[in-house]
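Protein chains in written order, with the working numbering: chain A, 1 to 251; chain B, 1001 to 1122. Every residue gets a Cβ at the ideal spot worked out from N, C-alpha and C, and that includes glycine.
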């Protein structure tokens, strides 16, 4: 009897092995990794951040201001119209295109690492970082031109909302570039293989989100105000065109 | 009974699901989507020259821009971010963030009379 009981008792080593097979310490109820779910929750919260910044811009861009023009005693115009006169839409369109194409190179990097093509993945990640840097360089150039033309951060309510929104986005792109470069470094050290493809996917999600936000900004901040400025000029509101007028508001 | 109980999935299981059940687009499909996005951006840029269009199209510039923006947003989120192919929970989390954002800021804009009579001189 004792022999029978002893023989029926499971072998501790065998039990642990079986337990290890059925109980994965990284398993989750959702079937998703914590990192991926966490990244999506983070992106959801980022939607709230940029929603706030875009709403603030919308709120201020329609303000009407009375300006004193050298030729006219008093002119009523939308504050946005003062800003859109110095927009360089062709230049910003090219920047938008560059950022959009960086999303393509990012997914190509992910596809490459998922089939363990490390060299090609590294190349696409580096290309994404270069395209992102080109976008940021373009934004720095644009800000410099605007400031030189008289539209500084504290010039008026429109310029403050504009720089805050686009500046926050630029910071996000810069952080994305740093993440991409860290992936390149990890890859060069041999620490980025197929089993790390989720890391590339998470950085990619962040990068695509930044791209998606720019899709909104490009239309809401640049193209729609320009279209509205054209419409307001047709409806009789002043389309000043004089950059000096902006500094007069600041004064 | 055992069929109704879902065993927790590990990272490896999820990866294999990706390989079998949730196929991501191929590289060729990614490039096609990028070309569509480029074409839509070109159309957006085209509205900048709306003054050369017939009068009846001038008033449509803003609605067209919004529609193009939504299509581009969808393409990037669905295909490049894989929301169309990944676990539906991720889609819900992201959409919840966007909807919450839209509702909160719509109320905020409404509170500041953005949609009616806001254009008072500053």
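Within-8 Å CB hit, residue i to chain B
i, result
"residue 45 of chain A", "yes"
"residue 208 of chain A", "yes"
"residue 241 of chain A", "Low confidence applies to residue 241 of chain A: its pLDDT is 41, below 50, so where it sits in the model is not reliable enough to give any reading."
"residue 55 of chain A", "yes"
"residue 135 of chain A", "no"
"residue 215 of chain A", "yes"
"residue 32 of chain A", "yes"
"residue 97 of chain A", "yes"
"residue 52 of chain A", "yes"
"residue 153 of chain A", "no"
"residue 177 of chain A", "no"
"residue 124 of chain A", "no"
"residue 202 of chain A", "no"
"residue 111 of chain A", "yes"
"residue 173 of chain A", "no"
"residue 118 of chain A", "no"
"residue 130 of chain A", "no"
"residue 219 of chain A", "yes"
"residue 223 of chain A", "yes"
Within 8 Å, strictly: CB atoms of residue i and residue j
i, j, result
"residue 52 of chain A", "residue 1093 of chain B", "no"
"residue 161 of chain A", "residue 61 of chain A", "yes"
"residue 208 of chain A", "residue 1070 of chain B", "no"
"residue 1072 of chain B", "residue 1037 of chain B", "yes"
"residue 1030 of chain B", "residue 104 of chain A", "yes"
"residue 181 of chain A", "residue 135 of chain A", "no"
"residue 121 of chain A", "residue 129 of chain A", "no"
"residue 96 of chain A", "residue 1041 of chain B", "yes"
"residue 224 of chain A", "residue 1062 of chain B", "yes"
"residue 57 of chain A", "residue 213 of chain A", "no"
"residue 108 of chain A", "residue 1027 of chain B", "yes"
"residue 123 of chain A", "residue 102 of chain A", "no"
"residue 173 of chain A", "residue 126 of chain A", "no"
"residue 110 of chain A", "residue 204 of chain A", "yes"
"residue 59 of chain A", "residue 1109 of chain B", "yes"
"residue 149 of chain A", "residue 86 of chain A", "yes"
"residue 1105 of chain B", "residue 133 of chain A", "no"
Strand pairing of residue i, partner residues [DSSP]
i, result
"residue 105 of chain A", "BP columns for residue 105 of chain A are empty, so no partner."
Assigned exposure category for residue i - 16 Cβ within 10 Å defines buried
i, result
"residue 190 of chain A", "exposed"
"residue 166 of chain A", "buried"
"residue 192 of chain A", "buried"
"residue 34 of chain A", "exposed"
"residue 1111 of chain B", "exposed"
"residue 116 of chain A", "exposed"
"residue 141 of chain A", "exposed"
"residue 154 of chain A", "exposed"
"residue 1116 of chain B", "exposed"
"residue 177 of chain A", "buried"
"residue 1049 of chain B", "exposed"
"residue 1021 of chain B", "Only weak support is given to the placement of residue 1021 of chain B: the predicted model assigns it a pLDDT of 43, under 50, and the value that follows is read from those uncertain coordinates. Residue 1021 of chain B is exposed by the Cβ-count criterion."
"residue 218 of chain A", "buried"
"residue 188 of chain A", "exposed"
"residue 119 of chain A", "exposed"
"residue 1090 of chain B", "buried"
Chain-ordered chain D contacts of residue i [CB-CB under 9 Å]
i, result
"residue 1028 of chain B", "In summary, chain D is missing from the structure at hand, where the protein chains are A and B."
Chain A contact for residue i (CB, 8 Å cutoff)
i, result
"residue 1023 of chain B", "no"
"residue 1115 of chain B", "no"
"residue 1062 of chain B", "yes"
"residue 1206 of chain B", "With chain B covering only 1001 through 1122, there is no way to say anything about residue 1206 of chain B."
"residue 1105 of chain B", "yes"
Proximal residues of chain B, C-beta to C-beta of residue i below 7 Å
i, result
"residue 101 of chain A", "1034"
"residue 212 of chain A", "1073, 1076, 1077"
"residue 226 of chain A", "1048"
"residue 205 of chain A", "1081"
"residue 41 of chain A", "1093"
"residue 59 of chain A", "1109, 1112, 1114"
Cross-chain neighbours of residue i in chain B, by beta carbon under 8 Å
i, result
"residue 146 of chain A", "Ordered by position in chain B, no residue passes the 8 Å Cβ test against residue 146 of chain A, which lies about 18 Å from the chain."
"residue 185 of chain A", "Simply none; closest approach about 24 Å."
Per-residue contacts from residue i into chain A (C-beta, under 7 Å)
i, result
"residue 1098 of chain B", "47"
"residue 1085 of chain B", "Within 7 Å Cβ-Cβ: nothing; residue 1085 of chain B doesn't reach chain A, min ~12 Å."
"residue 1080 of chain B", "103, 107, 208"
"residue 1038 of chain B", "97, 100"
Contact list for residue i against chain B, beta-carbon separation under 9 Å
i, result
"residue 89 of chain A", "1045, 1048"
"residue 93 of chain A", "1041, 1042, 1044, 1045, 1048"
Contacts that residue i makes with chain A (C-beta to C-beta distance below 9 Å)
i, result
"residue 1031 of chain B", "104, 108"
Interface residues of chain A facing residue i [CB-CB closer than 8 Å]
i, result
"residue 1102 of chain B", "51"
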